[in-house]
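With this note's numbering, letter number 72 in the sequence shown gets 260, and the count goes up by one each step, no holes. Data first, discussion second: the structure below is written as C-alpha coordinates.
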Amino acid sequence: MTIVSRLGLRSVVVRRAVTVLAALTAAAGLAAAPPTSAAPGPSMPVEFDLSRYQPVAPTTFRSLAYVDNGRSFFTTGRWVCEIGPGYRYVGCAGRPATAPPNATGAVISDDQQGPWWARADQTYRFGPESGFRPPVLGVGKRVTIEGVTCTVPRRDTVACRTGDRALIFTPAWHKFFFPSWDTLRPGNNAVDHSANPAPQYLPPRLQYWNQLPASPPAPK
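This is the structure we're talking about:
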(Lines of atoms letter the chains of each structure in order from A; the text may use other names.)
(Lines give C-alpha, C1' and ligand atoms only; values in the text may rest on other atoms or scores of the structure.)
Protein backbone atom coordinates (compact mmCIF):
# COMPACT_ATOMS: atom_id res chain seq x y z
CA MET A 189 0.00 0.00 0.00
CA THR A 190 2.80 2.33 0.94
CA ILE A 191 4.69 1.48 -2.23
CA VAL A 192 1.66 2.24 -4.39
CA SER A 193 1.13 5.58 -2.64
CA ARG A 194 4.73 6.53 -3.13
CA LEU A 195 4.57 5.60 -6.80
CA GLY A 196 1.36 7.61 -7.23
CA LEU A 197 2.89 10.62 -5.53
CA ARG A 198 6.01 10.35 -7.65
CA SER A 199 3.85 10.21 -10.79
CA VAL A 200 2.01 13.39 -9.77
CA VAL A 201 5.30 15.17 -9.13
CA VAL A 202 6.66 14.11 -12.53
CA ARG A 203 3.48 15.28 -14.30
CA ARG A 204 3.68 18.67 -12.57
CA ALA A 205 7.35 19.02 -13.49
CA VAL A 206 6.57 18.28 -17.13
CA THR A 207 3.72 20.81 -17.09
CA VAL A 208 5.95 23.53 -15.60
CA LEU A 209 8.72 22.76 -18.11
CA ALA A 210 6.27 22.99 -21.02
CA ALA A 211 4.97 26.33 -19.76
CA LEU A 212 8.50 27.70 -19.42
CA THR A 213 9.37 26.50 -22.91
CA ALA A 214 6.29 28.16 -24.38
CA ALA A 215 7.07 31.42 -22.57
CA ALA A 216 10.64 31.36 -23.84
CA GLY A 217 9.36 30.80 -27.35
CA LEU A 218 7.04 33.79 -27.09
CA ALA A 219 9.85 35.96 -25.79
CA ALA A 220 12.14 34.91 -28.62
CA ALA A 221 9.53 35.30 -31.36
CA PRO A 222 10.00 38.42 -33.48
CA PRO A 223 7.33 41.11 -33.06
CA THR A 224 4.60 41.21 -35.66
CA SER A 225 5.56 43.79 -38.26
CA ALA A 226 3.12 46.60 -39.00
CA ALA A 227 1.67 47.01 -42.45
CA PRO A 228 4.16 48.91 -44.61
CA GLY A 229 3.36 52.56 -45.22
CA PRO A 230 3.69 54.51 -48.44
CA SER A 231 7.09 54.70 -50.07
CA MET A 232 8.43 58.01 -51.34
CA PRO A 233 7.45 58.50 -54.99
CA VAL A 234 10.48 58.97 -57.22
CA GLU A 235 9.14 62.42 -58.09
CA PHE A 236 9.82 63.53 -54.51
CA ASP A 237 12.96 61.52 -53.78
CA LEU A 238 15.20 64.57 -53.56
CA SER A 239 18.40 62.53 -53.71
CA ARG A 240 17.66 62.05 -57.42
CA TYR A 241 17.63 65.78 -58.23
CA GLN A 242 20.24 68.50 -58.30
CA PRO A 243 19.24 71.63 -56.36
CA VAL A 244 19.36 74.99 -58.10
CA ALA A 245 19.42 78.48 -56.61
CA PRO A 246 15.95 80.01 -56.25
CA THR A 247 16.86 83.66 -56.91
CA THR A 248 16.52 83.62 -60.70
CA PHE A 249 12.93 82.39 -60.47
CA ARG A 250 11.63 85.33 -58.45
CA SER A 251 9.96 88.24 -60.20
CA LEU A 252 10.86 91.61 -58.68
CA ALA A 253 7.89 93.35 -60.30
CA TYR A 254 5.40 94.83 -57.86
CA VAL A 255 2.39 93.37 -59.68
CA ASP A 256 3.74 89.84 -59.29
CA ASN A 257 3.54 90.23 -55.51
CA GLY A 258 6.78 88.43 -54.67
CA ARG A 259 5.92 85.24 -56.50
CA SER A 260 8.43 82.96 -58.22
CA PHE A 261 7.85 81.25 -61.56
CA PHE A 262 9.40 78.50 -63.65
CA THR A 263 8.57 76.50 -66.74
CA THR A 264 9.47 72.96 -67.75
CA GLY A 265 8.63 73.64 -71.38
CA ARG A 266 5.18 72.08 -71.03
CA TRP A 267 4.06 73.22 -67.56
CA VAL A 268 4.32 76.64 -65.92
CA CYS A 269 4.34 76.75 -62.12
CA GLU A 270 4.29 79.58 -59.61
CA ILE A 271 5.27 79.65 -55.94
CA GLY A 272 4.01 82.17 -53.41
CA PRO A 273 3.20 84.82 -52.46
CA GLY A 274 2.67 83.12 -49.08
CA TYR A 275 4.49 80.25 -47.41
CA ARG A 276 3.68 76.88 -49.02
CA TYR A 277 1.51 78.25 -51.81
CA VAL A 278 2.06 76.69 -55.24
CA GLY A 279 0.15 76.29 -58.47
CA CYS A 280 0.88 74.70 -61.83
CA ALA A 281 -0.92 75.63 -65.04
CA GLY A 282 -1.97 73.02 -67.55
CA ARG A 283 -4.43 70.20 -68.01
CA PRO A 284 -3.41 66.54 -67.87
CA ALA A 285 -5.69 64.11 -69.71
CA THR A 286 -7.35 63.09 -66.42
CA ALA A 287 -8.23 66.66 -65.40
CA PRO A 288 -11.75 68.10 -65.72
CA PRO A 289 -12.46 69.61 -69.15
CA ASN A 290 -12.53 73.19 -67.85
CA ALA A 291 -9.47 72.93 -65.58
CA THR A 292 -6.68 75.44 -66.13
CA GLY A 293 -4.30 74.06 -63.50
CA ALA A 294 -4.13 73.07 -59.84
CA VAL A 295 -3.18 74.94 -56.67
CA ILE A 296 -2.17 74.21 -53.07
CA SER A 297 -2.82 76.89 -50.45
CA ASP A 298 -0.75 77.20 -47.27
CA ASP A 299 -0.41 73.39 -46.98
CA GLN A 300 -3.98 73.50 -45.63
CA GLN A 301 -6.02 73.12 -48.80
CA GLY A 302 -5.54 71.45 -52.13
CA PRO A 303 -4.56 70.41 -54.59
CA TRP A 304 -7.66 72.03 -56.06
CA TRP A 305 -8.41 72.38 -59.74
CA ALA A 306 -8.58 75.97 -60.89
CA ARG A 307 -11.23 76.33 -63.57
CA ALA A 308 -11.72 78.58 -66.55
CA ASP A 309 -14.79 80.22 -64.99
CA GLN A 310 -12.86 81.31 -61.88
CA THR A 311 -10.75 84.41 -61.35
CA TYR A 312 -7.56 82.53 -60.44
CA ARG A 313 -4.74 83.62 -62.71
CA PHE A 314 -1.62 81.59 -63.51
CA GLY A 315 1.62 83.19 -64.59
CA PRO A 316 3.28 86.58 -64.06
CA GLU A 317 1.27 89.72 -64.72
CA SER A 318 4.37 91.79 -65.35
CA GLY A 319 5.67 90.04 -68.44
CA PHE A 320 8.41 88.31 -66.41
CA ARG A 321 9.68 85.32 -68.40
CA PRO A 322 9.82 82.23 -66.18
CA PRO A 323 13.22 80.49 -66.37
CA VAL A 324 13.37 76.82 -67.30
CA LEU A 325 13.73 74.28 -64.50
CA GLY A 326 15.53 71.48 -66.31
CA VAL A 327 15.11 67.72 -66.15
CA GLY A 328 16.77 66.28 -63.06
CA LYS A 329 16.67 69.61 -61.21
CA ARG A 330 14.80 70.78 -58.13
CA VAL A 331 14.16 74.11 -56.48
CA THR A 332 12.89 74.97 -52.99
CA ILE A 333 11.19 78.32 -52.39
CA GLU A 334 8.98 79.38 -49.47
CA GLY A 335 8.45 75.84 -48.20
CA VAL A 336 7.65 74.45 -51.66
CA THR A 337 9.90 71.99 -53.49
CA CYS A 338 9.38 71.29 -57.18
CA THR A 339 11.18 68.72 -59.31
CA VAL A 340 11.32 67.86 -63.00
CA PRO A 341 11.64 64.06 -63.16
CA ARG A 342 11.15 63.81 -66.93
CA ARG A 343 10.80 66.19 -69.85
CA ASP A 344 7.00 66.12 -69.74
CA THR A 345 6.53 65.84 -65.94
CA VAL A 346 6.48 68.30 -63.05
CA ALA A 347 6.00 67.58 -59.36
CA CYS A 348 5.56 70.04 -56.47
CA ARG A 349 5.03 69.43 -52.75
CA THR A 350 4.45 71.57 -49.70
CA GLY A 351 4.37 69.61 -46.44
CA ASP A 352 1.60 67.01 -46.58
CA ARG A 353 0.20 68.03 -49.96
CA ALA A 354 1.61 67.57 -53.42
CA LEU A 355 0.81 67.26 -57.10
CA ILE A 356 2.29 65.50 -60.11
CA PHE A 357 1.40 66.49 -63.67
CA THR A 358 2.11 64.42 -66.76
CA PRO A 359 0.34 64.64 -70.13
CA ALA A 360 -1.52 61.36 -69.47
CA TRP A 361 -2.43 61.64 -65.78
CA HIS A 362 -2.29 63.65 -62.57
CA LYS A 363 -1.77 62.55 -58.98
CA PHE A 364 -2.70 64.52 -55.86
CA PHE A 365 -1.44 63.88 -52.32
CA PHE A 366 -3.06 65.07 -49.11
CA PRO A 367 -3.00 64.21 -45.38
CA SER A 368 -4.90 61.16 -44.13
CA TRP A 369 -7.26 63.27 -42.01
CA ASP A 370 -8.40 65.05 -45.19
CA THR A 371 -10.01 61.89 -46.60
CA LEU A 372 -13.63 60.93 -47.16
CA ARG A 373 -14.75 58.43 -44.51
CA PRO A 374 -17.63 57.92 -42.06
CA GLY A 375 -18.00 61.16 -40.14
CA ASN A 376 -16.05 63.19 -42.71
CA ASN A 377 -18.05 63.88 -45.86
CA ALA A 378 -16.15 66.96 -47.08
CA VAL A 379 -12.52 67.32 -48.09
CA ASP A 380 -10.21 70.20 -48.97
CA HIS A 381 -8.82 68.84 -52.23
CA SER A 382 -9.88 67.67 -55.67
CA ALA A 383 -10.09 64.00 -56.58
CA ASN A 384 -7.50 61.68 -58.08
CA PRO A 385 -8.29 59.73 -61.24
CA ALA A 386 -9.42 56.12 -61.03
CA PRO A 387 -6.50 53.80 -60.18
CA GLN A 388 -6.36 52.22 -63.64
CA TYR A 389 -5.23 55.56 -65.09
CA LEU A 390 -2.22 55.75 -62.75
CA PRO A 391 1.08 53.86 -62.67
CA PRO A 392 0.83 50.86 -60.29
CA ARG A 393 3.25 52.47 -57.83
CA LEU A 394 0.85 55.40 -57.34
CA GLN A 395 -2.47 53.55 -57.19
CA TYR A 396 -2.66 52.67 -53.52
CA TRP A 397 -1.57 55.67 -51.44
CA ASN A 398 -2.72 59.28 -51.38
CA GLN A 399 -0.33 60.26 -48.59
CA LEU A 400 3.38 60.97 -48.64
CA PRO A 401 5.60 59.21 -46.09
CA ALA A 402 6.43 61.21 -42.97
CA SER A 403 10.15 60.62 -43.44
CA PRO A 404 12.13 62.27 -44.78
CA PRO A 405 10.26 65.49 -43.99
CA ALA A 406 9.62 68.09 -46.66
CA PRO A 407 12.23 70.85 -47.01
CA LYS A 408 11.35 74.14 -45.36
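All C-beta atoms, glycine included, are put in the ideal place defined by N, C-alpha and C.
Whose C-alpha, out of the options, is nearest the C-alpha of residue i?
{"i": "P319", "options": "T345, R250, F357", "result": "Here residue 319 is Gly; the residue named in the question, Pro, does not match the sequence. Of the listed residues, the one whose Cα sits closest to G319 is R250."}
{"i": "W267", "options": "R307, G326, R240", "result": "G326"}
{"i": "G328", "options": "P230, S231, V244", "result": "V244"}
{"i": "S382", "options": "R276, N376, W304, T248", "result": "W304"}
{"i": "V336", "options": "C348, D344, L355, R342", "result": "C348"}
Measuring CB to CB, does residue i end up less than 8 Å from residue j?
{"i": "F365", "j": "N398", "result": "yes"}
{"i": "I271", "j": "R259", "result": "yes"}
{"i": "P401", "j": "P230", "result": "yes"}
{"i": "L372", "j": "A294", "result": "no"}
{"i": "F314", "j": "T292", "result": "yes"}
Could you tell me which residues DSSP puts in a beta bridge with residue i?
{"i": "G293", "result": "A281, A306"}
{"i": "P243", "result": "R330"}
{"i": "F236", "result": "For F236, which the question treats as bridged, DSSP gives no partner whatsoever."}
{"i": "Q301", "result": "S297"}
May I have the straight-line CA-CA distance separating residue i from residue j, to the nearest angstrom?
{"i": "T350", "j": "I296", "result": "8 Å"}
{"i": "G302", "j": "Q310", "result": "16 Å"}
{"i": "D352", "j": "Y254", "result": "30 Å"}
{"i": "F261", "j": "V278", "result": "10 Å"}
{"i": "P387", "j": "P322", "result": "33 Å"}
{"i": "L252", "j": "P273", "result": "12 Å"}
{"i": "M232", "j": "A406", "result": "11 Å"}
{"i": "T264", "j": "D380", "result": "27 Å"}
{"i": "C269", "j": "R276", "result": "13 Å"}
{"i": "T248", "j": "T332", "result": "12 Å"}
{"i": "E334", "j": "A360", "result": "29 Å"}
{"i": "P340", "j": "H362", "result": "Inspection of the sequence shows that residue 340 is occupied by Val rather than by Pro. Distance between the alpha carbons of V340 and H362: 14 Å."}
{"i": "A216", "j": "S403", "result": "Reliability fails at A216, whose pLDDT of 45 lies under 50, so the model's placement of it is uncertain and the value that follows must be treated cautiously. Taking the straight line joining both Cα atoms gives about 35 Å."}
{"i": "D256", "j": "A281", "result": "16 Å"}
{"i": "Y396", "j": "D237", "result": "18 Å"}
{"i": "S225", "j": "R342", "result": "Confidence at S225 is low in this model, with a pLDDT of 48, below 50, so its placement is unreliable and the value that follows should be read with caution. Cα-Cα distance, rounded: 35 Å."}
{"i": "R330", "j": "A308", "result": "29 Å"}
{"i": "E235", "j": "L394", "result": "11 Å"}
{"i": "K408", "j": "D299", "result": "12 Å"}
{"i": "V346", "j": "V324", "result": "12 Å"}
{"i": "Y241", "j": "P391", "result": "21 Å"}
{"i": "N376", "j": "P385", "result": "20 Å"}
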